[in-house]
Amino acid sequence: MLKGKRILLVISGGIAAYKALELIRRLRERGASVRCVLSRSAAHFVTPLSVSALSGDKVYGEIFSLTDEAEMGHIQLSRDADLLVVAPASADLLARMAAGMADDLAATVLLATDKPVLVAPAMNVRMWTHPATQRNVAQLQADGVQFVGPVDGAMACNEYGPGRMSEPMEILAAIEAQFAGGIRAPFHAGAPDALTPITSQPLAGKKVIVTSGPTHEPIDPVRYIANRSSGKQGHAIATALAQAGADVILVSGPVNLPDPKGVRVIRVETARDMFSACFLNLPADAAIFAAAVADWRVAVESDKKLKKTGDVAPSLQMAENPDILRAIANTDAKRRPALVVGFAAETDHVVDYARAKLDKKACDWILANDASPQSGVFGGDENTVHLVTRDGVEDWPRMSKQAVAEKLTARIADFFKSGVVDA
Ligand SMILES: Cc1cc2nc3c(=O)[nH]c(=O)nc-3n(C[C@H](O)[C@H](O)[C@H](O)COP(=O)(O)O)c2cc1C
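Quick note on the working numbering: the sequence shown kicks off at 240 and runs consecutively.
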């Protein structure tokens, strides 16, 4: 996907600058060419020699260099790329970008560009949460700049919280998603069609059903059986698919999350409600079943609150819930989505169980994730998944749920382009 793509990587002045070296390697491994610009203080954190050796190109940093201007003017530098990536993006550079300043080469190329810009902020948690930085981020988002991260984590300054730069593999996934998802140019006031994406949205015209969250299975009017799913992964997938142009129907169990923008949301409570909502919305081009659907419900729900009666605790008779993934994967060809994707949350033998599930359910792909308590996946912001298809298993590195959603969306776009997926 990145073969032949030209990335202009701006490295600014922060401790995370060393991670830019790994990003350069990963980009080049995938066939992209990488040209690097150092901000005015970046060379305090990473040596131009290392950047040049890994990028296989000259490194740019001086705005008033006669040689550089003669060889590659700052305007050409900013235009001669498919995508500009700022990693790490310091608080200072974000502020200068938001203010439209051009006081070093990095800020100048970012102001002079008409290409899409993706930034990966990295800074101390207080710098990130400071109202000034948040104002700058909001301004840049309004200008059409895309963000990956920052994430929560331990920092070099011994504090913990949001501000840590996304890992290079996550930034890579966001870059791939930019190319797969139809890159947007920054919005320039006065540009003829500022809101039109440069490339078409790859999933435009595709209808996709996504399920998300837990289900609640009532015991009586006040009690229910539930699970720990937060819905964060399913909602992130719905958001990413909608951004790629899909017509998304999100069938969501009870969650504490806002509705994703540009998505039709159907709220349900039980597995049976979710089953009906999914079937009612067929046919669809793809269905992504990210919800943690209860396997069983209480066979006979009491219409009155169960009361303590003496010493004997009530025993609950369970009944099996409908299997939404299997039912839709095996439905008639006229209604079956061309791509049916299930999730497998396992606490052990994650990939083996996922392979077995792929066959048992007759779905097309399974995204398997480790749901053991130590993985922190339930309710957390990160996920480690394996994409299991009939052709093999692809292990994705640990990344944010948003990055998983974007990578999956890129894969789905590939599927509809070629009808297959590499694994
Ligand atoms: C040791 C050290 C580490 C720093 N780390 C960061 C950082 O991670 N993020 C950040 O925004 N600023 C950081 N700073 C502050 C920036 O380097 C400073 O604001 C600088 O002016 C940024 O320049 P730039 O616009 O070229 O990135 C750090 C400073 C020092 C001395």
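Cβ atoms here follow ideal geometry from the backbone N, Cα and C, with glycine treated the same way.
From this set, V494, A477 and G484, which residue's C-alpha is nearest N466's C-alpha? V494
Cβ pair R269, K242 closer than 8 Å: yes
Could you tell me which residues DSSP puts in a beta bridge with H625? A607 and D634
Closer than 7 Å to a non-hydrogen atom of ligand 1 - does that hold for the CB of L332? yes
Beta bridge counterpart(s) of E559 as assigned by DSSP: W535
Where does the unbroken alpha helix (DSSP H) through T450 begin, and where does it stop? Per DSSP, T450 belongs to no alpha helix (DSSP H); it is in the beta strand (DSSP E), K446 to S451.
S405 beta carbon near ligand 1 (any heavy atom closer than 7 Å): no
Rounded straight-line distance, which links the Cα of N622 to that of A443: 27 Å
Could you check whether the Cβ of A282 sits closer than 7 Å to any heavy atom belonging to ligand 1? no
Can you tell me whether Q641 is buried or exposed? The criterion is at least 16 other CB atoms within 10 Å of its CB, across all chains shown. buried
Is D620 near E585, with beta carbons less than 8 Å apart? no
Using 7 Å as the cut-off, classify the Cβ of R279 as near or not near the heavy atoms of ligand 1, replying yes or no. yes
Give the single residue among R374, M513, A377 and Q472 whose Cα lies nearest to the Cα of P561. M513
What do you reckon, are the CB atoms on S304 and T352 nearer than 8 Å? no
Report buried or exposed for A330, applying the criterion of at least 16 other Cβ atoms within 10 angstroms of its Cβ. buried
To which residues of the same chain is A479 closer than 6 Å at the C-beta, ignoring the five residues directly before and after it? A644, E645 and T648
Specify, as a first and last residue, the run of the beta strand (DSSP E) that I675 falls within. In the structure as shown, the chain starts at 240 and stops at 662, and residue 675 therefore has no counterpart that could be examined.
The beta strand (DSSP E) with A526 in it runs from where to where? A525 to F528
Compare the C-alpha of V387 against each of A475, L350 and A413 and name the closest. A413
Stretch pair the stretch 453-460 + the stretch 540-560: three plus CB contacts closer than 8 Å: yes
Could you give the C-beta distance for A566 and V449, rounded to a whole number, given that I count them as a contact under 8 Å? That pair is no contact at about 16 Å.
Alpha-carbon spacing of A601 relative to V624, whole angstroms: 20 Å
Shorter than 8 Å from the beta carbon of G402 to some beta carbon of chain D? Of the protein chains in this structure there is only one, and it is not chain D.
Which of helix, strand or coil does DSSP assign to E508? coil
Ordered along the chain, which non-local residues of its own chain (more than five positions away) have a Cβ less than 7 Å from that of S291? K297 and V298
Please list, in chain order, all residues of the same chain as A341 whose beta carbon is under 7 Å from its beta carbon, the five residues on each side excluded. T347 and L350
Taking only the alpha-carbon atoms, compute the straight-line gap between H283 and D634 and give it to the nearest angstrom. 35 Å
CB of L521 within 8 Å of CB of V504, strictly: no
DSSP three-state call for S541: helix, strand or coil? coil
Compute every distance between the C-beta of M366 and the non-hydrogen atoms of ligand 1, then say whether any falls below 7 Å. yes
Let me confirm a value: G339 is counted as buried when at least 16 other C-beta atoms fall within 10 Å, else exposed. Which label applies? exposed
Just checking M362 against ligand 1 - is the residue's beta carbon closer than 7 Å to any of the ligand's heavy atoms? yes
Identity of the residues DSSP links to R245 by a beta bridge: S272
Taking C-beta to C-beta, are V532 and A510 nearer than 8 Å? yes
Just verifying my parser: in three-state terms, what is the DSSP assignment at L322? strand
Return the bridge partner residues of R503 from the DSSP annotation. I488
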